[in-house]
Amino acid sequence: MKILIRPKYKKFDEARFDALIEKLEDTLYKTGADYKEAPKYTDCVTAIRYILENSSDIVLPRVYIWDMPKSLLEDFWATKISQKLWRKWDLIFFEKMSFRHKKYMISHVGILISESEFFHSSFHFEGGNISSVRDIDYNALILDESFLDIAKDPRNNP
Numbered sequence: 315m316k317i318l319i320r321p322k323y324k325k326f327d328e329a330r331f332d333a334l335i336e337k338l339e340d341t342l343y344k345t346g347a348d349y350k351e352a353p354k355y356t357d358c359v360t361a362i363r364y365i366l367e368n369s370s371d372i373v374l375p376r377v378y379i380w381d382m383p384k385s386l387l388e389d390f391w392a393t394k395i396s397q398k399l400w401r402k403w404d405l406i407f408f409e410k411m412s413f414r415h416k417k418y419m420i421s422h423v424g425i426l427i428s429e430s431e432f433f434h435s436s437f438h439f440e441g442g443n444i445s446s447v448r449d450i451d452y453n454a455l456i457l458d459e460s461f462l463d464i465a466k467d468p469r470n471n472p
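Counting in the working numbering, the sequence shown runs from 315 upward without gaps.
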């Protein structure tokens, strides 16, 4: 399942955004990558945080990924939108069933770069560890239950 969130941008540098996507494409994926490691190494949150902080006025909250949409909405930084209304720069969150937690949880984030594609950083079984552009109908080939075992997410430390 996909959840689309539109950040309430006050400023957005489209040329910078496009350059950052190009710069990050094919960079190495690293689980739990620290923001300081970007752009050389990223994970999904680090990549999107890096892009937004360097092209807009939006800073992603330092929360676990499964709490991110809720935090963005509660802090009035964003609004939830339907798939019929999506556009460039919207955030796309993917839910997966966590059998350990017995519920669907947000497990991945990307950012739309067109009406049909989004950028993300993920481990790809078919292509290794890379950041890439995917079709919007992408079925996230990410996450086994070990992802949810991360005791302390390094992104929560400033």
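Idealized CB from N, CA, C, for every residue including glycine.
Going by C-alpha positions, Ile362 is about 7 angstroms away from Gly424. Nearest Cα to Tyr323 within the set Ser370, Glu409 and Lys417: Ser370. At least 8 angstroms separates the beta-carbon of Arg448 from that of Ile395.
Ser421 sits in a strand when the DSSP states are folded into three classes. For Ser430, the closest C-alpha among the options Ile406, Ser445 and Ile420 is that of Ile406.
Distance from the Cα of Tyr349 is smallest, within the candidate group His434, Glu367 and Glu339, for Glu367.
Look at the segment 323-398 and you find these whole runs of alpha helix (DSSP H), each 4 residues long or longer: 328-338, 358-369 and 382-388.
Put simply, the backbone Cα of Ile427 is about 7 angstroms away from that of Phe433. A residue is called buried once 16 or more other Cβ atoms fall within 10 Å of its Cβ, and Ala333, having fewer, is exposed. Burial check for Tyr418: the Cβ neighbour count within 10 Å stays below 16, so the residue is exposed.
Under the three-state reduction of DSSP, Ser412 is assigned to strand.
In the DSSP assignment, Ile317 forms a beta bridge with Phe407.
A residue is called buried when at least 16 other Cβ atoms come within 10 angstroms of its Cβ; Lys398 does not meet this threshold and is exposed. Here the C-alpha atom of Lys325 lies approximately 13 angstroms from the C-alpha atom of Ile365.
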